[in-house]
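In what follows, a single structure is set out as structure tokens and then discussed.
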């Protein structure tokens, strides 16, 4: 399994080496999922994504600030579950709830597919934000643009840690909003909405290589993170009890 933060071509999707699983893509408006599962679940995942997006879009119609805010918003116990997860993630990470949208959709779709018995293993990547539900150890490669670490460094994800989310934010690659200049900030967490929001929050801190310690300190103040990797240029910082970095051939 390999990904991490997208260029528009999303060429990193060709890095996959799980030949025992079926790969397919689901696109609904801005949502572009790359999926590995035991069956081709294109129609089922499309229906799930349509439902999830409908819940988010309906909430935005009632509360436009949910779409626009770059700051955390209060929790709403009456909101749809996916919206509640995004709000909670934004509060923990100190960012607006839409910073969690890609991760939230990836996790919700994956968990629902498994809950329905459609597959026992599934990996969903949504713009560099990934949710992993597997039964064997994985290596996730980190794509960090022009950094010398790009594609040469990976994260070992043991089976016992899954389900797990691996989300990446970049200030230089892809279309997602980042206020920083890091090639890649990768976060591990059990909840994908939190990993996604935290990657954005930590990435916002990194403007130069000297900011790496400050970014790691910011990461330590966000609860429930299992690991963080910060890459800017030829410098890297990492921390986390679940973090195991490996060199790639």
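Residue numbers (our numbering): 22 to 270. Yeah, the Cβ is synthetic: ideal placement off N, Cα and C, and Gly gets one too. Since we're looking at a predicted model, the values are computed, not measured.
Straight-line Cα distance separating residue j from residue i
{"i": "residue 91", "j": "residue 118", "result": "8 Å"}
{"i": "residue 174", "j": "residue 267", "result": "6 Å"}
{"i": "residue 113", "j": "residue 239", "result": "12 Å"}
{"i": "residue 23", "j": "residue 202", "result": "The predicted model places residue 23 with a pLDDT of 33, which falls under 50 and marks its position as unreliable; any figure quoted below should be read in that light. Approximately 23 Å between the Cα atoms of the pair."}
{"i": "residue 67", "j": "residue 231", "result": "43 Å"}
{"i": "residue 29", "j": "residue 262", "result": "With a pLDDT of 43 at residue 29, under the threshold of 50, the predicted position of this residue should be treated as unreliable, and no value is reported."}
{"i": "residue 156", "j": "residue 180", "result": "5 Å"}
{"i": "residue 25", "j": "residue 148", "result": "Confidence at residue 25 is low in this model, with a pLDDT of 32, below 50, so its placement is unreliable and the value that follows should be read with caution. Approximately 8 Å, taken between the alpha carbons."}
{"i": "residue 254", "j": "residue 233", "result": "11 Å"}
{"i": "residue 101", "j": "residue 243", "result": "24 Å"}
{"i": "residue 241", "j": "residue 78", "result": "32 Å"}
{"i": "residue 237", "j": "residue 52", "result": "30 Å"}
{"i": "residue 135", "j": "residue 74", "result": "19 Å"}
{"i": "residue 270", "j": "residue 221", "result": "29 Å"}
{"i": "residue 6", "j": "residue 252", "result": "The chain is shown only over 22 to 270; residue 6 falls outside these bounds and no answer can be derived."}
{"i": "residue 129", "j": "residue 64", "result": "16 Å"}
{"i": "residue 246", "j": "residue 138", "result": "29 Å"}
{"i": "residue 176", "j": "residue 214", "result": "19 Å"}
{"i": "residue 80", "j": "residue 122", "result": "13 Å"}
{"i": "residue 44", "j": "residue 248", "result": "27 Å"}
{"i": "residue 27", "j": "residue 168", "result": "Residue placement at residue 27 cannot be trusted, given a pLDDT of 35 that sits under 50; the coordinates are not used to answer."}
{"i": "residue 83", "j": "residue 72", "result": "17 Å"}
Bridge-paired residues (DSSP) for residue i
{"i": "residue 44", "result": "57"}
{"i": "residue 67", "result": "Per DSSP, none; premise fails for residue 67."}
{"i": "residue 225", "result": "Looking at the DSSP assignment, residue 225 forms no beta bridge with any residue, so it has no partner."}
{"i": "residue 268", "result": "174"}
{"i": "residue 154", "result": "143"}
{"i": "residue 236", "result": "In the DSSP output, where bridge partners are listed per residue, residue 236 has none listed."}
{"i": "residue 207", "result": "189, 250"}
{"i": "residue 259", "result": "250"}
Sub-8 Å separation of residue i and residue j beta-carbons
{"i": "residue 47", "j": "residue 56", "result": "yes"}
{"i": "residue 98", "j": "residue 111", "result": "no"}
{"i": "residue 158", "j": "residue 188", "result": "no"}
{"i": "residue 107", "j": "residue 125", "result": "yes"}
{"i": "residue 223", "j": "residue 170", "result": "no"}
{"i": "residue 70", "j": "residue 88", "result": "no"}
{"i": "residue 184", "j": "residue 144", "result": "no"}
{"i": "residue 186", "j": "residue 211", "result": "yes"}
{"i": "residue 140", "j": "residue 265", "result": "no"}
{"i": "residue 120", "j": "residue 216", "result": "no"}
{"i": "residue 133", "j": "residue 58", "result": "no"}
For residue i, the first and last residue of its enclosing beta strand (DSSP E)
{"i": "residue 163", "result": "No beta strand (DSSP E) contains residue 163, which DSSP labels as neither H nor E."}
{"i": "residue 170", "result": "No beta strand (DSSP E) contains residue 170, which DSSP labels as neither H nor E."}
{"i": "residue 185", "result": "185-190"}
Run of the alpha helix (DSSP H) containing residue i, from where it starts to where it stops
{"i": "residue 128", "result": "122-136"}
{"i": "residue 51", "result": "Per DSSP, residue 51 belongs to no alpha helix (DSSP H) and is neither H nor E."}
{"i": "residue 243", "result": "Taken as a continuous stretch (DSSP letters only), residue 243 belongs to no alpha helix (DSSP H), as it is neither H nor E."}
{"i": "residue 108", "result": "102-114"}
{"i": "residue 146", "result": "Counting along the chain, residue 146 falls outside any alpha helix (DSSP H), though it belongs to the beta strand (DSSP E) covering 143-147."}
{"i": "residue 88", "result": "86-89"}
Cβ-heavy atom distance, residue i to the ligand MN, below 7 Å
{"i": "residue 65", "result": "Ligands are entirely absent from the displayed structure, and the ligand MN is therefore not among its contents."}
Item to complete: Answer yes if the region 158-167 comes into contact with the region 201-217, meaning at least three C-beta pairs across the two stretches below 8 Å, and no otherwise.
Response: Cβ pair count under 8 Å is three or more, so yes.
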